[in-house]
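Numbering (the working numbering), first residue to last: 201 to 562.
Below: one structure, written as structure tokens.
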Amino acid sequence: DLIADLVSREQHVLLVRGGRGGLGNAHFTTATHQAPRHAQKGEPGELREVRFELRLIADVGLVGLPNAGKSTLLAALTAAQPKIGDYAFTTLEPNLGVLELGIDDGRRPTIADLPGLIEGASIGAGLGFAFLRHASRTRVLVHVVDASTPDPVRDAAIIRTELEAHNPALLEKTTLVALNKLDRPEAKEREAELTAAFRELGLRVLPISAAGGERGEGIAALRDALADLLPDAETLSYPAEPAGVVVHRINPIASVGFEVSREGEGFRVRGKAIERLVHQTDFSRDESAERFQHELARQGIESALRKAGCRSGDTVTIGELSLEWDDPDDASLLNAAEEAEALELDGVLLAAAPNNDGESEG
């Protein structure tokens, strides 16, 4: 599930809460106990595993099969200097450039050159899968198609299929087809045929030759077309920022509420307040341990354990703490039973002892 979408500078999101700080010994001073040797440890913070995804924000996204000429086109339209090579997968990560529209034009549209997609990219094939998500940030998609391949129309269909499989909304974006590599004779010969084929599919086609740089065939026309499609390219629509300072308060935990249950041969106590106290108690200090014992009695946990059948020697688990239960009431009952047994035995002995007259004394 998407937790947050961070798209603007200084935007924040709270992923996990830190733990509440423990109270120092000064908090526990009384009129008769001015230097308590007891302080609370800090409460542990939340733990959460999240995955971060980088999504580039660009006005225009260049998509296409590997070696279609996307990086060459980026270099022709902008001052970017991406790595360019006549082989597949030259681009291994997205490249960004700014489209210059003239001195008097204040707009500065950004263009993202995305790594080449191959058939099956939407399910992890090739390098494109990791970068398909970047296309969702763009407002205009330019399908760069190599006009010198055996079937450029099928090549474009592969890209559209992968975009739709990744996110159907991508096909709703404004799309241009840049029919590239018209500097090659075999592509130039098919320009009219391919242009007509794409137009029959309802796609706007611009024949270009990116290899010619900014003065290459069709580059100026493509620049003008992008400028017309991006009238407000100097601003992107960001989610509304919260006004003022946002204060995240730690939710208080109720001091009551717990559950005692059998767990194996022992017992487990569950409750947010008592489990928090376990984390905050320094059991290496006698005074802290005594206070913890007092809280067990005050909250009624000792009584609940007795009712559940817990006896001295049983294991009681609270949070990550396991302890051997030592119930003073059990000792009192044992002493009383031992005294009663001793009196009973004494009575039997007395009853069995004969008197001097040969009669038994009762």
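Beta carbons are placed, not taken as given, at the ideal position from N, Cα and C, and that holds for glycine.
> Since ALA347 and ASN380 are thought to touch, with beta carbons under 8 Å apart, how far apart are those beta carbons, to the nearest angstrom?
Replying inline: Position 147 of the sequence shown, counted from the start, is the residue given in the question as residue 347. Position 180 of the sequence shown, counted from the start, is the residue given in the question as residue 380. Between ALA347 and ASN380 the beta-carbon gap is near 6 Å, inside 8 Å, which marks them as a contact.
> So, is HIS494 buried or exposed, given that buried needs 16 or more other C-beta atoms within 10 angstroms?
Replying inline: Residue 494 sits at position 294 when you count from the first residue of the sequence shown. Under this definition HIS494 is an exposed residue.
> Looking only at DSSP bridge pairs, what is GLY464 linked to?
Replying inline: Here residue 464 corresponds to residue number 264 of the sequence shown, with the count starting at 1. None, per the DSSP bridge assignment.
> Looking at the structure shown, is THR278 part of a helix, part of a strand, or coil, going by DSSP?
Replying inline: If you number the sequence shown from 1, residue 278 lands on position 78. Look at THR278 here: in three-state DSSP terms it is strand.
> When DSSP labels each residue in this structure, what does PRO150 get in the three-state scheme?
Replying inline: Since the displayed the chain opens at 201 and closes at 562, residue 150 lies outside it and no answer follows.
>> I'd like to check one pair, ARG470 with GLU243: are the Cβ atoms closer than 8 Å?
In response: Taking the sequence shown and counting its residues from 1, the one referred to as residue 243 is at position 43. Taking the sequence shown and counting its residues from 1, the one referred to as residue 470 is at position 270. With contacts defined by Cβ atoms closer than 8 Å, GLU243 and ARG470 do not form a contacting pair.
> By how many angstroms is the C-alpha of THR361 removed from the C-alpha of ALA396?
Replying inline: If you number the sequence shown from 1, residue 396 lands on position 196. If you number the sequence shown from 1, residue 361 lands on position 161. Note on geometry: alpha-carbon atoms of ALA396 and THR361 lie some 21 Å from one another.
>> By the DSSP assignment, the beta strand (DSSP E) with PRO385 in it spans what residues?
In response: One-based indexing of the sequence shown puts residue 385 at position 185. Note, PRO385: premise wrong, no beta strand (DSSP E); alpha helix (DSSP H) at 385-388.
>> Checking the sheet assignment: what are the DSSP bridge partners for GLU524?
In response: Along the sequence shown, read from residue 1 onward, the residue named residue 524 stands at position 324. Partner(s): THR515.
> In three-state DSSP terms, what is HIS212?
Replying inline: Within the sequence shown, the letter at position 12 stands for residue 212. Residue state, collapsed to three classes: coil.
> When DSSP builds the beta bridges, which residues end up paired with THR374?
Replying inline: Your numbering for residue 374 matches position 174 in the sequence shown. Partner(s): VAL340.
>> Which of the three DSSP states is assigned to PRO352 in this structure?
In response: Within the sequence shown, residue 352 is the residue found at index 152, counting from 1. Three-state result, PRO352: helix.
> Are ILE419 and LEU277 close, meaning C-beta to C-beta below 8 Å?
Replying inline: Reading the sequence shown from its first residue, position 219 is the one you call residue 419. Reading the sequence shown from its first residue, position 77 is the one you call residue 277. Going by C-beta atoms, ILE419 is nearer than 8 Å to LEU277.
> Can you tell me where the beta strand (DSSP E) with THR310 in it begins and where it stops?
Replying inline: Residue numbering aside, residue 310 sits at position 110 when the sequence shown is read from its first letter. Its beta strand (DSSP E) spans residues 310-313.
>> Judging by CA-CA distance, which residue of LEU247, LEU394 and VAL213 is the nearest neighbour of GLY219?
In response: The residue labelled residue 219 in the question sits at position 19 within the sequence shown. Nearest in C-alpha terms to GLY219, of all of LEU247, LEU394 and VAL213, is LEU247.
> For LEU394 versus THR375, is the C-beta spacing smaller than 8 Å?
Replying inline: Locating residue 394 in the sequence shown gives position 194, where the first residue counts as 1. Locating residue 375 in the sequence shown gives position 175, where the first residue counts as 1. Taking 8 Å as the cut-off, the beta carbon of LEU394 is found no closer than this to the beta carbon of THR375.
> Looking at C-alpha atoms only, which residue of ILE203, ASP201 and GLY221 is the closest neighbour of GLN182?
Replying inline: Since the first residue of the chain shown is 201 and the last is 562, residue 182 is not available in this structure.
>> Please state whether the Cβ-Cβ distance between VAL187 and LEU521 is less than 8 Å.
In response: As displayed, the chain neither begins before 201 nor continues past 562, which places residue 187 out of reach and without an answer.
> In this structure, does DSSP put ARG476 in helix, strand or coil?
Replying inline: Indexing the sequence shown from 1 puts residue 476 at position 276. Here DSSP, grouped into helix, strand and coil, assigns ARG476 to helix.
>> Nearest by alpha-carbon distance to ARG462: which of ALA204, ARG506 and ILE474 is it?
In response: What you label residue 462 is simply residue 262 of the sequence shown in a count that begins at 1. Nearest in C-alpha terms to ARG462, of all of ALA204, ARG506 and ILE474, is ARG506.
>> Going by beta-carbon coordinates alone, are VAL340 and LEU429 separated by less than 8 Å?
In response: Looking up residue 340 in the sequence shown gives position 140. Looking up residue 429 in the sequence shown gives position 229. Between VAL340 and LEU429, the C-beta spacing is below 8 Å.
>> For a test of the three-state rule: what should DSSP assign to PRO368, helix, strand or coil?
In response: For the purposes of this step, residue 368 is taken as residue 168 along the sequence shown, with counting starting at 1. Helix, per DSSP.
>> If you follow the beta strand (DSSP E) that ARG404 is in, where does it begin and where does it stop?
In response: Stepping through the sequence shown from its first residue, residue 404 is reached at position 204. Residues 404-407.
> What is the rounded straight-line gap between the Cα of VAL250 and the Cα of ILE257?
Replying inline: Counting from one through the sequence shown, the residue named residue 250 turns up at place 50. Counting from one through the sequence shown, the residue named residue 257 turns up at place 57. One Cα belongs to VAL250, the other to ILE257, and the distance between them is close to 21 Å.
>> Only counting the same chain, and skipping five residues up and downstream in sequence, which positions put a Cβ closer than 6 Å to that of GLY547?
In response: Walking along the sequence shown from the start, residue 547 turns up at place 347. Interpretation of GLY547 is limited by its pLDDT of 40, a score under 50 that renders its predicted location unreliable; the figure taken from the coordinates is listed afterwards. Its chain contains no residue whose beta carbon lies nearer than 6 Å to that of GLY547 once the 5 sequence neighbours on both sides are disregarded.
>> Tell me which residues share the same chain as HIS227 and place their Cβ nearer than 6 Å to its Cβ, disregarding the 5 neighbours each side in the sequence.
In response: Here residue 227 refers to the residue found at position 27 when the sequence shown is read from its first residue. Here the set comprises nothing.
> Any idea if HIS233 is buried or exposed, counting beta-carbon neighbours within 10 angstroms, 16 or more meaning buried?
Replying inline: Translated into positions along the sequence shown, residue 233 becomes position 33. Only exposed fits HIS233, as fewer than 16 other CB atoms lie within 10 angstroms of its CB.
> Helix, strand or coil: which one does DSSP assign to LEU505?
Replying inline: If you number the sequence shown from 1, residue 505 lands on position 305. DSSP places LEU505 in the helix class (H, G or I) of the three-state scheme.
>> Please tell me whether ILE342 and VAL405 are closer than 8 Å, where the distance is taken between their beta carbons.
In response: In the sequence shown, the residue the question calls residue 342 occupies position 142. In the sequence shown, the residue the question calls residue 405 occupies position 205. Rather than Ile, the amino acid found at residue 342 in this sequence is Val. VAL405 sits away from VAL342, with the two beta carbons spaced by 8 Å or more.
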